[in-house]
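Q: To start, I am sharing the structure in question, which I have written as structure tokens.
Numbering (the working numbering), first residue to last: 748 to 1178.
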């Protein structure tokens, strides 16, 4: 049985309702009530329509050691001047003019890298979004949500930057079995009667089109079953290369990329050949696929944190998967890095637990990357993947005022990335 070839309604007609419903699910109304207390005078006043951006804060970060991941340059006794949430100047103290009457954050004895980027995270509530910021993720890319909560979280971040990371939203998962996600939007409900699930070209396009109509920034799909469910076999392929190509083509028509959940070598290869933008997990990705990824510029987001977490599961099947997959995945990460495949850090946090993105950086290092290269996977590398090279990943004039204050030197001890002393999001200290 096919889905009727009727286009989804205009986003202009439905966007407000979808955002309001997703906001309620994400608990953003409660969070908005906390925003004034959380960010004080930095909070934006008044109500704003969806899609508008609140002005960031004014702040001077003074003292401390500034790290530029792009160049590896270290500047001691540094000053970072942030106006309206944007870096206006950064450099050695005495060489940077400091405006009068602006709040000063003392960073003496601290290291100051830019805020980190989690390129694969599931944020379904305001509490999770705020926790991600507190743990150092000032920008992120969603790995999908069940009811468009990530789109509401993205709007929350625009209105109250200290409460959520700047987010690229993926909307709902393009997967054979949508389950209750068919209730996320009336235009998805006809898919519930498909006996074989979302598999036909028409059905695949429908989910992509509804996502894009609702304002998704990227599209998330899968080629393999899940590793985190003991009853599933993560090496079983659920979509063919042709089906993945339909998803990619539908996304590209609107200028959007696709991230693809993958494990088996054949699945990884089919996904890359179909034209995805980034390969997620990819434990068994092989050399032929890595060479193709380098040629195409396809990103690799290995989510080492999630695989390491499986090894600690109380379920024996999951624990065995984690123990088996983690060393294989680390070897794949090192091989990708040595070949020049671009890497991005992502925790795959979900279910109310937000893992610090600094832990993923640490795991990248344990796979064989240098400390600086590992940091780049959560700064400049991830920024390129998310299309934020002029916004995130550095603290240079024109970039956003997202910064961490760390208790030590991350180039010698990456564990400090997991315990920032302070987080600044768009010039606003996160509470």
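Positions of the beta carbon are idealized from the N, C-alpha and C atoms, including for glycine.
Keep in mind that this is a model prediction, so the values were computed, not measured.
Per DSSP, what kind of secondary structure is residue 821 in: helix, strand or coil?
A: Taking the chain shown and counting its residues from 1, the one referred to as residue 821 is at position 74. Reduced to three states, the DSSP call for residue 821 is strand.
Q: Is the beta carbon of residue 1141 sitting closer than 7 Å to the one on residue 817?
A: Taking the chain shown and counting its residues from 1, one reaches residue 1141 at position 394. Taking the chain shown and counting its residues from 1, one reaches residue 817 at position 70. For residue 1141 and residue 817, yes; Cβs fall inside 7 Å.
Q: Taking the continuous beta strand (DSSP E) assigned at residue 843, which residues delimit it?
A: Numbered from its first residue, the chain shown carries residue 843 at position 96. Taken as a continuous stretch (DSSP letters only), residue 843 belongs to no beta strand (DSSP E), as it is neither H nor E.
Q: For a minimum of 3 consecutive residues, which ranges assigned as the beta strand (DSSP E) are wholly contained in the stretch 849-917?
A: Fully enclosed beta strand (DSSP E) runs of 3 or longer: 851-853, 863-868, 884-889 and 913-915.
Q: Based on DSSP bridge pairs, tell me the residues matched to residue 1122.
A: Locating residue 1122 in the chain shown gives position 375, counting from the first residue. None; residue 1122 has no bridge partner.
Q: For residue 1099, is the classification buried or exposed, using 16 other Cβ atoms within 10 angstroms of its Cβ as the cut-off for buried?
A: In the chain shown, residue 1099 corresponds to position 352, counting from 1. Classification of residue 1099: exposed, given that the 10 Å Cβ count is below 16.
Q: Taking the alpha helix (DSSP H) that residue 838 belongs to, which residues open and close that run?
A: Taking the chain shown and counting its residues from 1, the one referred to as residue 838 is at position 91. First-last for residue 838: 833-839, but that is the beta strand (DSSP E), not the alpha helix (DSSP H).
Q: Could you give the distance in angstroms between the alpha-carbon of residue 1164 and the alpha-carbon of residue 946?
A: By 1-based counting over the chain shown, the position of residue 1164 is 417. By 1-based counting over the chain shown, the position of residue 946 is 199. One C-alpha to the other measures close to 42 Å.
Q: Helix, strand or coil: how does DSSP classify residue 1137 here?
A: By one-based count along the chain shown, residue 1137 stands at place 390. Residue 1137 falls in the coil class under three-state DSSP.
Q: If you reduce the DSSP assignment to three classes, tell me which class residue 1162 lands in.
A: By 1-based counting over the chain shown, the position of residue 1162 is 415. Reduced to three states, the DSSP call for residue 1162 is helix.
Q: May I ask you to list the residues that DSSP assigns as paired with residue 966?
A: Indexing the chain shown from 1 puts residue 966 at position 219. Looking at the DSSP assignment, residue 966 forms a beta bridge with 1005.
Q: To the nearest angstrom, how far is the alpha carbon of residue 1168 from that of residue 1153?
A: As a position in the chain shown, residue 1168 is number 421, starting the count at 1. As a position in the chain shown, residue 1153 is number 406, starting the count at 1. One C-alpha to the other measures close to 6 Å.
Q: According to DSSP, which residues form a beta bridge with residue 1019?
A: For the purposes of this step, residue 1019 is identified with residue 272 of the chain shown, where counting begins at 1. Answer by DSSP bridge pairing: none, since residue 1019 is not bridged.
Q: Can you name the residues that DSSP bridges to residue 747?
A: Nothing can be reported for residue 747: it is not among the residues displayed for the chain, which extend from 748 to 1178.
Q: Tell me the residue span of the beta strand (DSSP E) that contains residue 1150.
A: Taking the chain shown and counting its residues from 1, one reaches residue 1150 at position 403. Taken as a continuous stretch (DSSP letters only), the beta strand (DSSP E) holding residue 1150 covers 1150-1152.
Q: If you follow the beta strand (DSSP E) that residue 1070 is part of, which residue opens it and which one closes it?
A: The sequence position of residue 1070 within the chain shown is 323, counting from 1. Taken as a continuous stretch (DSSP letters only), residue 1070 belongs to no beta strand (DSSP E), being part of the alpha helix (DSSP H) at 1063-1086.
Q: Can you find the residues in the same chain that come closer than 7 Å, C-beta to C-beta, to residue 1160, ignoring five residues on each side of it along the sequence?
A: As a position in the chain shown, residue 1160 is number 413, starting the count at 1. For residue 1160, where only same-chain residues beyond five positions count, there are no Cβ hits under 7 Å.
Q: By a C-beta neighbour count over all protein chains shown, 10 Å radius and 16 as the cutoff for buried, is residue 927 buried or exposed?
A: The sequence position of residue 927 within the chain shown is 180, counting from 1. Classification for residue 927: exposed.
Q: Residue 1027 lies in the beta strand (DSSP E); which residues open and close that run?
A: For the purposes of this step, residue 1027 is identified with residue 280 of the chain shown, where counting begins at 1. Here the beta strand (DSSP E) through residue 1027 covers 1025-1028.
Q: Might you give, ordered along the chain, the residues of its own chain that have their beta carbon closer than 8 Å to the beta carbon of residue 1066, omitting 5 neighbours on each side?
A: Translated into positions along the chain shown, residue 1066 becomes position 319. Counting only Cβ-Cβ distances below 8 Å, and skipping sequence neighbours, we find 1057, 1058, 1059 and 1060.
Q: Are the CB atoms of residue 883 and residue 1104 within a distance shorter than 7 Å?
A: By one-based count along the chain shown, residue 1104 stands at place 357. By one-based count along the chain shown, residue 883 stands at place 136. Yes, Cβ-Cβ distance for residue 1104 and residue 883 is below 7 Å.
Q: For residue 969, which option in 942, 904 and 983 has the closest C-alpha, if you only look at C-alpha atoms?
A: Counted from its first residue, the chain shown places residue 969 at position 222. Of the candidates 942, 904 and 983, the one whose C-alpha sits nearest the C-alpha of residue 969 is 983.
Q: When you compare only the Cα positions, how much space is there between residue 1069 and residue 976?
A: Numbered from its first residue, the chain shown carries residue 1069 at position 322. Numbered from its first residue, the chain shown carries residue 976 at position 229. Taking the straight line joining both Cα atoms gives about 12 Å.
Q: Given a cut-off of 7 Å on the beta-carbon distance, is the pair residue 1046 and residue 1031 in contact?
A: For the purposes of this step, residue 1046 is taken as residue 299 along the chain shown, with counting starting at 1. For the purposes of this step, residue 1031 is taken as residue 284 along the chain shown, with counting starting at 1. The answer is no: Cβ separation not under 7 Å.
Q: Please determine, among 893, 881, 997 and 1001, the residue with the shortest C-alpha to C-alpha distance to residue 909.
A: As a working note, residue 909 is residue 162 in the chain shown. Among 893, 881, 997 and 1001, the Cα nearest to that of residue 909 is on 881.
Q: Using only alpha-carbon positions, find the residue among 846, 829, 1170 and 1132 that is nearest to residue 1004.
A: Sequence index remark: in the chain shown, residue 1004 carries index 257 (1-based). Checked all of 846, 829, 1170 and 1132; the closest Cα to residue 1004 is 1132.
Q: Quick one: Cα of residue 1121 to Cα of residue 838, how far?
A: As a position in the chain shown, residue 1121 is number 374, starting the count at 1. As a position in the chain shown, residue 838 is number 91, starting the count at 1. Cα to Cα, the separation comes out at about 24 Å.
Q: Ignore the nearest five residues each way along the sequence and tell me which others in residue 1126's own chain have a CB closer than 6 Å to its CB.
A: Within the chain shown, residue 1126 is the residue found at index 379, counting from 1. Excluding sequence neighbours, residue 1126 sits near 816, 861 and 1140.
Q: Does the distance from the C-beta atom of residue 1147 to that of residue 1178 stay below 7 Å?
A: Within the chain shown, the letter at position 400 stands for residue 1147. Within the chain shown, the letter at position 431 stands for residue 1178. No, these two residues do not count as a Cβ contact at 7 Å.
Q: Enumerate in chain order the residues of its own chain whose CB-to-CB distance from residue 767 is below 6 Å, with the five nearest sequence positions on each side excluded.
A: In the chain shown, the residue the question calls residue 767 occupies position 20. A caution first: residue 767 carries a pLDDT of 43, below 50, which makes its placement in the model unreliable, though a value can still be read off. Nothing listed; no residue qualifies.
Q: So, helix, strand or coil for residue 929, using DSSP?
A: If you number the chain shown from 1, residue 929 lands on position 182. Helix, per DSSP.
Q: With residue 959 as the anchor, note down where its alpha helix (DSSP H) starts and where it stops.
A: Here residue 959 is taken as the residue at index 212 of the chain shown, counted from 1. That run of the alpha helix (DSSP H) goes 948-960.
Q: Let me check understanding here. Comparing Cα to Cα, which of 1143, 997, 833 and 1027 lies closest to residue 822?
A: Here residue 822 refers to the residue found at position 75 of the chain shown. Nearest of 1143, 997, 833 and 1027 to residue 822, Cα basis: 1143.
Q: DSSP three-state call for residue 1000: helix, strand or coil?
A: For the purposes of this step, residue 1000 is taken as the residue at position 253 of the chain shown. In the structure shown, residue 1000 sits in coil (DSSP, three-state: anything other than H, G, I, E or B).
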